[in-house]
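To convert, note that position 181 of the sequence shown is 188 in the working numbering; the numbers rise steadily by one, no gaps. Working notes for the structure below.
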Amino acid sequence: MKVAIVTGASSGLGREFVKQIAEKYSKLDEIWVVARRENLLEELKNEIGDKIKIFAYDLADNYEELESSNPDVKILVNAAGYGKVGNFSEGNYDEETGMVDINCRALTAITYMVIPHMSKKSKIINFASAAAFLPQPSFAVYAATKAYVLSFSRALGMELKDRGISVTAVCPGPVKTGFFDVADPDKKTPLYKKIMMAKPGKVVQKAINDSAVGNELSVYGVKMNVFRVLSRILPHRWLMKLSTKM
Ligand SMILES: NC(=O)c1ccc[n+]([C@@H]2O[C@H](COP(=O)([O-])OP(=O)(O)OC[C@H]3O[C@@H](n4cnc5c(N)ncnc54)[C@H](OP(=O)(O)O)[C@@H]3O)[C@@H](O)[C@H]2O)c1
């Protein structure tokens, strides 16, 4: 049985991934969707059909259940994740440490459990972020977790190359999803981020195309590609000061 697994499938980029995968990969028998909000996963199932198999879990403490059958996993999309804007020392303990649990630990655990079920031409797509390119004051833990995802994905891609399994780290800038409702309920997100918001459909389309040709990185849009280059050549201290002022 050929399956795709998508975490963070209840909203935003994960949800968009499920829709585009269902359209583009008609040979998949099932798409396993993971998130806490079961009602939103049910809605997705009603929209897409019986191919959708729901796993309504909190990834902070429950992912072993995914191991319930022995599928041939052709696509794994790790999209579950969240960020919290604000100074680390003033933040909530559970929210700050929870970012590490979901963005890093759960992603690592699921990937570890799924790889033995993957075959040649299978694909892993991990959501990092453009935040991975540069430390971000007032978004410190989030940016650090995404730097982990980017580093992990690139190294894993090299390890799995001979097995014919590709790993793509998706590094978008700000995207118009529910992400900022969680990250910034007090609406402190800087104006420049709001202006730069990309459409989820476009980001996912590029990620699928990049993964199809085995690219290790997927960076949507000219601005984020410029940002990536700048973050490689300019001193990070300058860029951090600039972003703090903005
Ligand atoms: N939007 C952006 O600007 C942006 C930019 C760069 C990278 N990203 C990354 O892209 C990925 C998707 O984000 P998004 O923009 O689509 O945000 P979103 O709309 O808020 O979606 C986040 C998803 O993660 C799931 N999730 C969060 N905590 C979970 C937990 N404890 N257990 C299980 N599922 C959990 C949520 O489902 P439930 O709440 O139903 O559990 C939801 O489906 C994230 O990794 C994010 O860091 C986003």
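The beta-carbon is built from N, C-alpha and C at its ideal position, and this holds for glycine as well. As the structure is a prediction and not an experimental result, all values here were calculated from the model.
On the premise that residue j lies in contact with residue i, defined as a C-beta separation below 8 angstroms, what is that separation, rounded to the nearest angstrom?
i: Val-210; j: Leu-20; result: 6 angstroms
i: Lys-153; j: Ala-139; result: 4 angstroms
i: Val-10; j: Ile-55; result: No, Val-10 and Ile-55 are not in contact; Cβ-Cβ is about 14 angstroms, not under 8 angstroms.
i: Leu-35; j: Lys-58; result: 7 angstroms
i: Ala-147; j: Phe-95; result: 5 angstroms
i: Tyr-227; j: Lys-248; result: The Cβ separation is near 26 angstroms, so there is no contact.
i: Arg-314; j: Asp-65; result: For residue 314 there is no data in the structure shown, the boundaries of the chain being 8 and 253.
i: Ala-205; j: Pro-242; result: Not really, about 27 angstroms apart at Cβ, beyond 8 angstroms.
i: Met-106; j: Tyr-149; result: 6 angstroms
i: Ala-177; j: Phe-134; result: The amino acid occupying residue 177 in the given sequence is Val; Ala does not appear at that position. With 8 angstroms as the limit, Val-177 and Phe-134 qualify as a contact, their Cβ atoms being about 5 angstroms apart.
Taking Cβ positions, are residue i and residue j nearer each other than 8 angstroms?
i: Gly-90; j: Ile-109; result: no
i: Pro-179; j: Ser-238; result: no
i: Trp-39; j: Ile-12; result: yes
i: Pro-207; j: Thr-175; result: no
i: Phe-62; j: Val-41; result: yes
i: Arg-161; j: Glu-223; result: yes
i: Ser-145; j: Ser-173; result: no
i: Asn-85; j: Leu-114; result: yes
i: Ile-131; j: Thr-118; result: yes
i: Val-92; j: Asp-191; result: yes
i: Leu-246; j: Leu-141; result: yes
i: Met-8; j: Pro-123; result: no
i: Lys-230; j: Met-203; result: yes
i: Ile-215; j: Gln-27; result: yes
i: Gln-143; j: Ser-250; result: yes
Provide the residue(s) that pair with residue i in DSSP beta bridges, ordered along the chain.
i: Ala-42; result: Ala-63
i: Asn-85; result: Thr-14 and Asn-133
i: Val-177; result: Phe-134 and Ser-225
i: Val-80; result: Val-10
i: Glu-37; result: Val-10
i: Val-182; result: Ala-205
* To do: Mind listing, in chain order, the continuous beta strand (DSSP E) runs of no fewer than 3 residues lying wholly within the region 127-174?
  => Counting only runs of 3 or more, we get 130-134.
* To do: Report the residue ranges of all alpha helix (DSSP H) runs contained in full by the region 189-223; include only those spanning at least 4 residues, in chain order.
  => Those alpha helix (DSSP H) runs which fall completely within the region 189-223 and span 4+ residues are 198-202 and 207-219.
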